[in-house]
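Numbering (UniProt numbering), first residue to last: 1 to 348. C-beta: ideal position from N, C-alpha, C; glycine also. See structure below.
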Ligand SMILES: Cc1cc2nc3c(=O)[nH]c(=O)nc-3n(C[C@H](O)[C@H](O)[C@H](O)COP(=O)(O)OP(=O)(O)OC[C@H]3O[C@@H](n4cnc5c(N)ncnc54)[C@H](O)[C@@H]3O)c2cc1C
């Protein structure tokens, strides 16, 4: 079998690469075993603002411009409009100073389109909200797990997806590309998230990894229609279920859920939520982070047929679609990469 591309790993990065290849009429084969998927535990929050200090993340306009239509088009293609929903994100203020800071930030050109100048009144008695609520524009919620499930079935139907671990030892590098288990490809793109730490070809990639945990609660009284941001997020999932979190931990690189994370989330939650709830689930994942908080895309310095898209950190949903487009442009048209995402930026 001959294809244009092999893609290894099918989280948000692999999905964005696969959809970009399909749109460009390239043939592909994806390998994925989702045993270590940050994407599948993600909250699915599409939020263009750093809500701790009301600042704009790097390159945010370009990411938003590409990402929201990208996922909406996939939802249309897969015939499931519930994959992405225009869910508001609202921010709770801890003090009058913070509320004033929000108004000041609204006037900054980069933030004006994302921070609404009109505040919202709290409409649920079960949330402790001492001030008004700040509303973020251009937000949405992506059902990442369902999206990955449905898109992988779509690829499977085209004989372009294999649910199995990719064995790096079996990859052969040849003049015109790569060979793997009887498949010949011109290029291979690795999109394994934190799993790249096991990839012998990309050991040099400086992916650090940051563990995040969420709990899911059932809280029939809450009836929340928006994503509520305090020191964490409360994310409505439907059927009285809410994801609450997430934690950040630089040291623990296991996927085991911990009592400490659960306790930490509950302690914070109990300060704002005045309704009874039960914890019904807890999940953990490792965000593929980089020390300068920028993603990493490019081509292996010695093997020109090997490429990668990684380092999506805590904002994978917004960044992946544009980065996939940039990477393919770079591979096929030699369009220069922005120095900010080029893996060679760390070379002295
Ligand atoms: C708790 C938590 C909450 C988050 N919430 C949000 C959020 O609300 N919004 C947001 O934008 N981002 C969020 N993120 C960040 C987001 O999840 C990541 O940026 C994104 O998922 C990274 O995607 P990825 O495709 O690079 O990696 P992953 O999602 O980890 O995907 C990599 C895939 O490759 C597979 N793989 C690896 N090696 C191999 C191999 N050898 N063979 C086969 N398969 C392999 C893995 O099993 C996995 O399926 C969150 C992250 C965490 C941990």
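Residue 213: member of the beta strand (DSSP E) spanning 210 to 218, first to last residue.
Using a Cβ distance threshold of 8 Å, residue 322 and residue 62 count as a contacting pair. Taking a 10 Å sphere around the C-beta of residue 81, we find fewer than 16 other C-beta atoms and assign the residue as exposed. Beta-bridge annotation (DSSP): residue 242 is paired with 217 and 236. Residue state for residue 68 is assigned as helix, using DSSP reduced to three classes.
According to DSSP, residue pairing for residue 161 in a beta bridge involves 30. Not one heavy atom of ligand 1 sits closer than 7 Å to the Cβ of residue 86. Under the rule that a run must span 4 or more residues, the alpha helix (DSSP H) segments found entirely inside the segment 90 to 177 read 96 to 106, 109 to 112 and 144 to 157.
With a cutoff of 7 Å, residue 165 counts as near ligand 1, since its C-beta is closer than that to a heavy atom of the ligand. Judged by DSSP secondary structure, residue 316 falls within the alpha helix (DSSP H) whose first and last residues are 316 to 333. Looking at 190, 20 and 316, the one whose alpha-carbon comes closest to that of residue 298 is 190.
In the structure shown, the three-state DSSP call for residue 182 is coil.
Distance between residue 176 and residue 305, taken at the CA atoms: about 8 Å.
Residue 303 counts as exposed, since fewer than 16 other beta carbons sit within 10 angstroms of its beta carbon. Distances from the alpha-carbon of residue 54 to those of 111, 36, 94 and 11 put 111 closest. With respect to residue 230, residue 245 sits apart: the two C-beta atoms are not nearer than 8 Å.
Approximately 6 Å separates the beta-carbon atoms of residue 33 and residue 163; this is inside 8 Å, confirming the contact.
Membership of residue 285 in the beta strand (DSSP E) is indicated by the continuous run 278 to 287.
Under a 10 Å Cβ-count criterion, residue 254 is classified as exposed, with fewer than 16 other Cβ atoms of the shown protein chains found around its own Cβ. No Cβ-Cβ contact shorter than 8 Å links residue 59 with residue 274. Comparing C-alpha distances from residue 38 to each of 294, 287 and 309 shows the shortest one belongs to 287.
DSSP, read as helix, strand or coil, puts residue 304 in coil. In this structure, the C-beta of residue 39 approaches ligand 1 to less than 7 Å from one of its heavy atoms.
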